[in-house]
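Going by the UniProt record's numbering, 499 is the number at position 499 of the sequence shown; the sequence numbering is gapless.
Take a look at the structure below.
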Amino acid sequence: MDKLKMHTPNRADDNFKKLAALFPNAVTETINENGEVVRAIDKDVLMQEISCTVVEGKEERYQFTWPDKKKSMLLANAPISKTLRPCREESVDFDSTENLYIEGDNLEVLKLLQETYLGKVKMIYIDPPYNTGSDFVYEDDFAQSASEYLANSGQFDAEGNRLVQNTDTNGRFHSDWLNMIYPRLKLAKDLLTDDGVIFIAIDDNENINMAKVCSDVFGESNFVGCLIIQTATDNNPRQINTEHEYVLCYAKNSVLLESWQAESEKAQLIMDKYKELKATFGSNLSVIQDELRKWIKKNADALKGVTHYDNVDEKGVFHDGDIANTVFGGYNYEIMHPVTGKPCKVPDKGFRFAEKTMREMIAAGDIMFGADETTLIKPKKRLENAKDVLRSVIYEDGRASTKQFESLMARDIFQNPKSPMIIERLINFIVKPGDIVMDFFSGSATTAEAVMRLNAKYPDKKIRFIMVQLPEDLDESISKADSRAKKILQNAVKFLDSINKKHTICEIGKERLRRAGAKIKSDNGLTDDELDVGFRVLKCDTSNMKDVYYSPAEYEMDLFDFMTDNIKEDRTSEDLLFQVMLDLGVELSSKIEETVIAGKKVFNVADGFLIACFDADVTDETIKAIAQKQPYYFVMRDSSLANDSVATNFEQIFATYSPDTVRKVL
């Protein structure tokens with residue numbers, strides 16, 4: 001049986017394999033710096049194959065670069081040997097939920113998710129540090145050489161991956177920020193579905209650089225647009241009062257994007273009012289129409305974009321559209337006026353509908369006639385067909401989102417919480433039922449709440465979320481913060497003390513989800529079966545495997561029993577299971593059943609896709625029962641089999657009952 005690798009893929013090796021598959025004649029061999037023969041790409045042959053102009057050396061070219069960009073690329077590609085450990089006690093509905101809340105450095109987490117969620121995330125929304133000179137950014141250690149980094153399997157020393165203040169007096173002010181965001185975006189791109197998109201909230205400090213780095217990662221042709229989010233009013237005396245932020249949108253492949261439309265929530269408000277009036281006034285259409293128009297006029301600001309839906313007939317609410325063709329040369333035929341019996345006026349450009357379609361619309365009551373034949377007829381555009389489009393300018397009173405967050409949690413414990421309404425709106429345009437939404441700068445977990453709210457409105461969507469957040473130590477952050485931020489952090493610490501939680505930003509996010517989930521479920525009268533407001537908490541940690549697992553040749557085997565000593569003593573069987581799931585690409589939200597077979601604990605994941613047993617002294621009886629379930633994967637410890645007889649029978653048992661099962665060992 002093959003051993004599991006138990007580390008993330010080396011993206012550079014993967015890229016080499018892709019090139020080798022496309023251009024096998026460009027693959028050669030050379031001697032590396034250690035005197036070893038290694039495979040390599042012959043650049044000259046490759047250039048001949050693609051017949052392109054090569055820009056080399058100091059030759060002028062257009063490019064976006066900064067100090068340490070190459071190291072930042074290596075950082076994205078280098079593998080790590082870490083894992084995600086489940087934390088049942090901090091989760092909500094661990095066994096049934098399909099949502100994930102992951103604590104850890106997002107660079108490491110994004111690497112760990114590459115096998116399992118490659119091409120599976122429909123939408124990513126992130127609100128990364130804006131690099132204002134006073135906020136905090138991740139500092140990835142570029143002091144290490146590439147070889148040192150690889151030798152350490154991508155794990156940073158005590159000085160790496162900590163939160164530091166990127167002050168504007170730092171000579172590498174922009175470079176440090178770019179080196180932080182670049183590898184994360186490269187990894188995030190691979191997680192997107194082919195028609196997936198990423199939304200990135202940013203302000204003026206790094207908006208230009210963010211657009212450039214996104215064009216570098218995603219390609220200029222995959223720029224979808226820039227949203228302007230106005231959330232404040234600034235009346236302070238200055239040159240230009242900034243009242244907005246940006247949300248950049250890039251696609252993995254813009255060619256595959258459909259037009260984005262969503263059910264109009266404003267139209268639904270009119271529909272609700274119409275139903276209320278109909279219940280009051282019955283079939284008196286003229287009164288219903290008059291009252292509806294008064295209500296629409298009174299609420300014009302809230303109904304902006306749909307106020308023209310103010311006509312009522314037997315079928316409901318509509319607005320009168322244009323019957324004329326968009327260009328000259330439309331259809332020309334006679335339509336008789338139902339009262340005068342004379343042909344109605346034909347538009348100069350002709351009718352936009354074919355005669356058969358027009359007569360069907362008339363029969364269905366979807367054409368509005370004028371007082372006589374001299375007035376152009378008009379199609380009735382029904383309210384229930386109204387669609388919303390994503391406009392580039394969105395206004396949202398920032399005070400509303402702060403008030404909503406504080407009513408759920410406490411006052412002044414989080415600076416500038418994002419609006420779940422805006423994120424919910426973005427998600428609604430993009431996702432389909434069962435899609436995954438990710439936020440790897442999760443903060444207070446606004447994106448997760450937005451997913452819950454949308455699922456409550458449309459229960460059939462069943463959108464899933466993956467939140468990732470560094471467990472920032474708030475006590476440490478207080479010592480580095482300015483006066484305004486310090487006060488908020490101190491309030492956050494007091495709040496966490498009141499609920500007996502650790503002083504980390506993750507505890508705020510998880511508590512928000514617990515409270516928001518309960519409130520959304522209660523407000524909408526939904527049960528656990530109808531709405532998933534749970535989340536599995538997973539925490540990024542060192543590998544479950546000892547160093548000997550990765551480099552057994554470096555250890556003298558007579559010092560200890562290798563077969564039983566390659567797993568760390570403090571790790572549980574469920575810890576092992578989740579690292580196996582990462583290694584085999586099994587979704588971390590998969591259903592997990594724990595059973596006992598012949599006295600041994602057995603995990604059944606995703607209805608038999610993966611079965612694992614990590615107990616010692618496993619007998620033929622257990623192996624036979626597992627093989628009879630015919631899993632796609634079966635995983636066990638290398639030392640699990642009870643004796644040599646069981647080891648001898650193992651392959652024969654699987655050959656008899658489930659020859660296609662892929663067997664792996666730790």
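Here a beta-carbon is modelled for each residue, glycine too, at the ideal position from N, C-alpha and C.
9 angstroms Cβ cutoff, residue i in contact with chain B
i   : result
L19 : Although the question refers to chain B, the structure presented lacks it and comprises just one protein chain.
CB contact flag (residue i, residue j, <9 angstroms)
i    : j    : result
A400 : M421 : yes
L74  : L46  : no
F603 : I623 : no
S81  : D532 : no
S259 : G305 : no
L257 : V197 : yes
L100 : L538 : yes
C613 : I592 : no
E396 : I229 : yes
K510 : D127 : no
F369 : C344 : yes
I478 : I436 : no
D320 : K378 : yes
D204 : T233 : no
Closest residue to residue i among the options (Cα-Cα distance)
i    : options                : result
L576 : Y550, K18, R637        : R637
E569 : T542, I592, V586       : T542
D366 : R536, E651, D322       : D322
V431 : E355, A267, K120, W177 : K120
R536 : M467, S498, K521, K501 : M467
F578 : M545, K600, N566       : M545
L277 : Q261, I296, A262       : I296
T661 : N311, I505, T648, Q628 : Q628
G585 : Y117, E98, N207        : Y117
Inter-residue spacing [alpha-carbon to alpha-carbon] between residue i and residue j
i           : j    : result
K5          : Y550 : 8 angstroms
residue 702 : D194 : The structure shown has nothing for residue 702, since the chain only spans 1 to 666.
T375        : L454 : 44 angstroms
S442        : G104 : 11 angstroms
I124        : E360 : 44 angstroms
A40         : T572 : 41 angstroms
S589        : S283 : 52 angstroms
G329        : S221 : 35 angstroms
G525        : A518 : 10 angstroms
E406        : R512 : 10 angstroms
V287        : R293 : 10 angstroms
A26         : K17  : 12 angstroms
K601        : K111 : 30 angstroms
Q114        : L84  : 13 angstroms
E507        : A456 : 24 angstroms
F64         : G219 : 12 angstroms
K502        : M180 : 26 angstroms
F465        : I427 : 11 angstroms
For residue i, the three-state DSSP class (helix, strand or coil)
i           : result
E122        : Strictly speaking, residue 122 in this sequence is Lys, with Glu absent from that position. K122: strand per DSSP, three-state reduction.
T595        : strand
Q415        : coil
residue 670 : Residue 670 cannot be examined here, being either before or after the span of the chain that is shown, 1 to 666.
Q490        : helix
N332        : coil
D660        : coil
F654        : helix
H7          : coil
K82         : strand
V548        : helix
P128        : coil
L641        : strand
D14         : helix
D2          : strand
R453        : helix
A302        : coil
V213        : helix
A40         : strand
G196        : strand
Identified DSSP bridge partners for residue i
i    : result
V247 : A201, L227
V437 : M123, F465
F351 : A324, Y331
H319 : K381
K539 : R85, E103
R368 : Arg is not the amino acid found at residue 368; the sequence shown has Met there. K378.
P343 : M336
C613 : M636
T30  : V38
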